[in-house]
Each structure stands twice: as C-alpha cells, then as structure tokens.
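These protein sequence lines map, in sequence, to chains L and V. FYI, in our numbering the residues of the first sequence are 1 to 300. FYI, in our numbering the residues of the second sequence are 1001 to 1375. Just so you know, even glycine gets a beta-carbon here, dropped at the ideal spot from N, CA and C. This structure is a prediction, so every number in the text was calculated from the model and none was measured. Take a look at the structure set out below.
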Amino acid sequence: MLLQQIINGLTLGSVYALIALGYTMVYGILELINFAHGEIYMIGAYLGIILLAFFTAIGLTAVSLPLTLLLVVVLAVVICSAYGFTVEKLAYKPLRSAPRLSPLISAIGVSIFLQNYVMLTQGATDKVFPSLFGSGGFRFLSTRVSYLQAAIIIVSAVMMLLLQAFVMKTKTGKAMRAVAQDKTMASLLGINVDRVISITFVVGSGLAAVAGVMVAAYYGLVNYFIGYIAGIKAFTAAVLGGIGSIPGAMFGGILLGLVESLGASYVSSEYKDAYAFLILIVILLVRPGGLFGKAPEEKI
Amino acid sequence: MGGIGRNAKKYSLPLLTAFWFSFLFLPFRGCRAAGILFVTLAVSIPFLTYVSNRLRKMTPRMERLQNTARKWGRFSPVLLLPLLAVPFAVDNYWVDVAVLSGIYVILALGLNVVVGYTGLLNLGFAAFYAIGAYSYALLNTALGLGFWSALPLSVGITTVAGFLLAFPAVRLKGDYLAIVTLGFGEIVRLVLNNWDSLTKGPNGISGIEAPSLFGAKLGDLSSYYYLVLAFVVITVFVMRRVEDSKIGRAWIAIREDEIASAAMGISTMRYKLYACAFGAFWAGIAGCLFAAKMRFVSPESFTFMESVLILCMVIIGGIGSITGAITGAVVLVFLPELLREAQMYRMIAVGSGLVLLMVFRPQGLFGRKNVSLGS
C-alpha cells in the first residue's frame, strides 16, 4: 500500500517536474510567472489524442505502435513549442520594459484565451485517450508497477538529464544562464537576448508537451481545464524547489507528487488539490527562496 | 513609394500573425475552422490596431473628458436621477441585470482599493465575496437573523477574514503575493465545497430570506434595485472621501514607491493591511447583497474565474480610478447580456482583451497615465 502510493506519487511527481521546468526557466530569465504554461501542457495532452487518432485513421498504428507513439510525441512537442514561441512574441515581448505586473496580467489573459478556445473548438466534455497498453505491468518489491508508470518515470528522468546537459554543456545553455544572471551584461557581451528568451519558451513548451501526452495516456481522459490546476501545482513545485533552479524544479515536482499521493490516501482525498496551495503558502512565508534557491534579495 | 512600403509592413505583420495563429489551431478543428479563424483575425487585428492607435492619439481629448467628468462629478446627485427611473423605464429583465451590475460595481471598487490604490495584485478576491455571501446565508438560514442584523455581522466576519489572510501575505511582493492570494482563494472555495456539515458542499445553501425595510419585504425586484443603488451610492461616496484622505494618499504612495514612502514615515505593513481589510469589507457587502438577491449560494459562484472577472473590471476601466472601476463593472456585466448569442465567446474576449489592453493601453480606458503597477 505505502509502496504503491510512493510509485503513484513518483509518476505524478515526474509529470509535475517536467511542467515545473518550464515555469522555472522562464522565471529565471524573465521573472515572469508564465500562467499560459499550464495551457500549453493541456494543448499537448489534446494533441496527443488528436495525433494518435489521425495516425490510427491512416493505419500507422497497426504497422508499428512504438514508432507511432514516438511520432505523436515529436509532433506534439513541435506544435506546442510553436505555441510557446507565438505566445511569447505576441503577449510578453511587447511588455519587456513594462511594469512588472503588466506581463503577469497579460499571461493570465493568454491562459484564459487558450483555455476557452480549446473549450470552444473541442467541446466541454472529456476526450478519451485510447487504451493502448492494456493493464500490463511487472512486480517490483512486492508491488505492481504498470508499464505506463515505468515509462513515465523513465522518460521524465531522461528528459531532465537531457535538459541539464543542454543547460550546462552547450553554448546556448551557457547563454541562457548568462541571460538569467544579468540581461544587460549578457547583451553587452553579444548574446542575442531575444533569441535566448525564445529558445527558453520553446524548450519549456516542448517539455510541457511531453508531460501532456504522457498524462493523457496515463489518465485516459483530457479536459480543457486540466491545464489550470496542473499549472498551479507545477508552479508550486518550482517554488518549492527554489524558483529559477532547474534541479530544484525536478526535486520540488517529485516531492509534491509524493505529498499529494500520500496525503490523498492517508489524510483526506477531498482536499487533495489544497495540499499544493498550502505547501505553496507555507514555503513562500517561511522560506521564499525555496529549498534550493537563494532568497530573493531586496534592491534599494 | 515609401508610403507603400510602410503600409505593406504595417499590414503584413497582422496578416502574418493571423495566418500563424490559424495554422496553429489547425490540428484542433481542421481546415474550415482554421479558415474562419484566419478571416476573423485578419479583419480584427488591423481593426484593433487602428482603434488602439486612435485611442493613443485621443489621449489628450480623453484627459479633457476626464476633467469634465470630474467637474460634473460635483453634480453627481443630479446625475443619479435617471438611475432612479430605471425600474419604471425598462422591463424586469434589465432591472435584474442592473442589480447584478450594481453588486459588481461594489466589488470592483473594493478590489480597486487593493489593486488600484495600493498596487497589491490580488487574484483571490472572490474568496471574500464568498465569505460574505456564505456568512450571510448561514446567519440567515441557521440562526434566523434578518438582513439588517446579519449584514453587519457578516461584513464584520469578512473584514476580519481579509485582515487575517492579509497578515501573512503582505510581507510578500509582486507576483509572489498574487500567487499566494490565488492560493487563498482556491482554499476557501475547496473548504466551502467540502465542509458538508456547515456549507452543504457543492449543493449550496438555499432558502435565504429577502431583506425587509421597516417591516416591508423588499421581495420584488424594483425595491431591491433601490437598495443596491443606495449601497452603490454609499460605496462611491466613501471611496471618493477615502481617495483624498490621509490613508488613501498613503496607499497611493506605497503603490508608487514603497521604499520612498517607508522613508517618509508611512508604516507600509499597516497600511497594506488596512487596504486588504477595507477591500474585503466591500466584498462582504457585495456578498450579502448577492446572497439576498439570489436566495441561494453555492461554491460555483466563487471560482478563480470570478476573481479574474472582477480584476478585469478594475483593469479595463483603468487601474486606480473610481470612474474606471464603475465603467468596467457595468460594461462587463451588460456586454454579454447585449450579445447573448456571443456569450460563449465572452471569456475568449476577456482573455484577448486583457492581453491587448496590457500591450496597447496599460493604463486602461479611463486610467491616469502615471499609474505604475509594482516595480
């Protein structure tokens, strides 16, 4: 029972972590809570269903399931990245020098827009993800782990390692870190700040798309409002780990998933969604820098 | 030649944006919907750009208009007269809408204190609205208190709640504060939804009594309209007095520059607490009026979208302006009623409207130019 809940929590947590990375990267660079990020994840989940239906219709699923799934994920990543890119260019870029709350309000606007657009075009009812994996699984230390859970945990771990390598080892990653540290100085040194910001949005949205497709497959149901609550939880995860810190977001996501899963089974499942908010409030009041981050310094 | 080049650039960008967006939505609905979206965007983006350019050019004229409005403000009791005639002039449906917009005017003015004057972005204002409505509903149905004895009690409860919730929150800044207030709002809604023994959960509380005055029941719509109108007038009057008072000036000083105002001897913590409690006070009144009008409350009325809607009212009209908050509330309540077929598109319009407003006219329709939203 306990181990089962831990596995469930890990699965949920790695999804939160993937979404949280998008929040934390954008916040690290722009100091903006990108409210629309949860909607990008929701769009990713919808794309998973739409693309899979499309590939099934043209008969690709029957030929090779793994190849189809790979194609679905890749296409979802590409389209979601395009969304992230567009949203940044339309709603945030014109506000780069505006007062700090203007882009936040603009982000809320984008989030409402995307949510309602998907509701209008896709309908307000749940969409079903076809069950492809059956109920297969394997035994692991006296508990059952489904293949899907294992896949989610492994894929998330791989994505996080890739991201870490991208940020730490490549030239673009170095530019991202430089922009996060000091935008003006970075641009003086010849870094194209606008381009780096776009890349950040593209990468973050791609990760959210992967999370969306996996969640659609895991729960089997997708709705237009899943983005809001998942977005808030992922943001909590990012704050928990220390916003702006990439390892922090991973750790925070997994911790939040565990807390939620264990809390739902041992404390109260009715208040499952409230745990994230409670943790968020307590963390912000007690240790605003999060577990790994630095406390925000006050400049005078 | 240069003119053509400039025009080509001016129109190619919106067209490109429209194309891009419709292309992005292709996987969702197929070619036809994407085509419709493209046409809509291709028409509306240049139109909105044109309107916003005109607005920008009209700023001096708008300011003159504002000054005239302020001058006329002295005669506002005279301007009230047509409002008194409303129940005789239109049918019940529109009186109902007017009552609702009156409640939202009070809410928007209350939030305007927090967001507009003090510059604290609150994303969970519906929580106080909910606390006001629920405490009135419970005092009325469970304890049998009448409107006039339950009103001060539930407003008191809401104010205390606003004070208590603000106590930890005001130490935070900017978007952290926004996210914590959002959390409070959601927690309040979840508690209302799950505390079945007290709030009857998602079913809500029904059978709330209509208010009475001097023994006469204010059951019918037109007398209720006058009651709400009276509260709106009181709210506007108090807000006007507060705006120019010592406290109001302290709030605005905090919004403009927190460090400088602290250096001038303003206790920023204390005045922020006042602002939150004062805002909650009006939300409490609006909550009572709402519960007494609907005779029914349920958690569904107090979602995050409700908070956002109230925030939109404050922002659209112009942050920190009384006229602006009133205009925003009236427009956002009446507009969807006028465009009933288009009601589905209300939230889409609200969303894109927020973005466009922030990009093109951050000070809102009637806002003053010098409002700075946080630092």
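So, at 6 Å on beta carbons, what are the nonlocal neighbours of residue i in its own chain, with the 5 sequence-adjacent residues on each side left out?
i       : result
V:A1250 : I1266 and Y1271
L:L52   : V72
L:F154  : At residue 154 of chain L the sequence reads Ile, which differs from the Phe that was named. So the list is empty, once near-sequence residues are dropped.
L:M250  : A17 and M160
L:M42   : I226 and G227
V:V1105 : V1232, I1326 and A1329
V:R1255 : T1118 and G1119
Reducing DSSP to helix, strand and coil, say where residue i ends up.
i       : result
V:L1123 : coil
V:F1360 : helix
L:T268  : Just to set this straight, residue 268 of chain L is Ser in the shown sequence, not Thr. If DSSP states are grouped into helix, strand and coil, L:S268 belongs with coil.
L:R139  : strand
L:V210  : helix
L:S261  : helix
L:R144  : strand
L:L255  : helix
V:S1101 : helix
L:F292  : coil
L:I58   : coil
V:W1423 : Past the edges of chain V, shown from 1001 to 1375, lies residue 1423 of chain V, and the structure says nothing about it.
L:S245  : coil
V:V1371 : Residue confidence for V:V1371 is low, a pLDDT of 47 falling below 50, so the modelled location carries little weight; the figure read from the coordinates is stated next. Coil, per DSSP.
V:T1141 : helix
V:G1265 : coil
V:V1090 : coil
L:I153  : helix
L:I33   : coil
By the criterion of Cβ-Cβ separation under 9 Å, what are the contact partners of residue i in chain V?
i     : result
L:T86 : T1017, W1020, F1021 and L1024
Run through chain L and tell me which residues come within less than 8 Å of residue i, C-beta to C-beta.
i       : result
V:V1331 : The premise fails here: V:V1331 is roughly 16 Å from chain L at the closest Cβ pair, so nothing lies under 8 Å.
V:P1168 : I281 and L285
V:V1355 : L90, A91, S106, G109, V110 and F113
V:V1308 : I108 and I112
V:E1186 : I232, D273, A274 and F277
Since residue i and residue j are thought to touch, with beta carbons under 8 Å apart, how far apart are those beta carbons, to the nearest angstrom?
i       : j       : result
L:E270  : L:G9    : The Cβ separation is near 18 Å, so there is no contact.
L:A62   : L:A209  : L:A62 to L:A209, Cβ: 25 Å. No contact.
L:V167  : L:V179  : Contact doesn't hold; Cβ gap of about 12 Å is too wide.
V:L1354 : V:L1332 : Actually they do not touch by this definition, with Cβ atoms about 12 Å apart.
Mind pulling the chain V residues with CB within less than 7 Å of residue i?
i      : result
L:L95  : M1358 and V1359
L:I33  : D1175 and I1179
L:E270 : N1194
With a threshold of 7 Å on Cβ separation, who are the neighbours of residue i within its own chain once the five nearest residues in sequence on each side are excluded?
i       : result
L:V73   : V210 and V213
L:I6    : L258
V:M1001 : In this prediction, V:M1001 has a pLDDT of 40, which is less than 50 and means its spatial position is unreliable; what the coordinates show is noted afterwards. Counting only Cβ-Cβ distances below 7 Å, and skipping sequence neighbours, we find nothing.
L:L12   : G257, E260 and S261
V:Y1134 : L1192, T1199 and V1297
L:I79   : L47
L:L65   : L132
L:G84   : I40, F201, V202, G204 and S205
L:I283  : V239, L240 and G290
L:A45   : G212, V213, V215, A216, V222 and I226
L:S187  : V193
Take residue i and list the residues in its own chain whose beta-carbon comes closer than 8 Å to its own, dropping the five residues that flank it on each side.
i       : result
V:D1175 : L1121
V:Y1225 : V1086, P1087, V1095, A1098, V1099 and G1102
L:S131  : G220
L:K89   : S198
V:L1145 : L1139 and L1153
L:I279  : T236, L240, L256 and V259
For a contact meaning CB atoms closer than 7 Å, what does residue i contact in chain L?
i       : result
V:S1352 : G109 and F113
V:I1315 : I105
V:M1347 : I112 and N116
V:G1183 : F277, L280 and I281
V:L1190 : Y271, D273 and A274
Residues of chain V with CB closer than 8 Å to the CB of residue i, please, in chain order.
i      : result
L:P288 : L1172 and Y1176
L:F235 : I1179
Can you pull the DSSP bridge partners for residue i?
i       : result
L:K127  : L:V222
V:S1206 : V:F1296
Could you list which residues in chain L have their beta carbon closer than 9 Å to that of residue i, in chain order?
i       : result
V:G1121 : Note that residue 1121 of chain V is Leu in the sequence shown here, rather than Gly. Ordered by position in chain L, the residues that pass the 9 Å Cβ test against V:L1121 are L101, L104 and I105.
Any heavy atom of the ligand FAD closer than 8 Å to the CB of residue i?
i      : result
L:V110 : The ligand content of the structure shown is nil, which means the ligand FAD is not present either.
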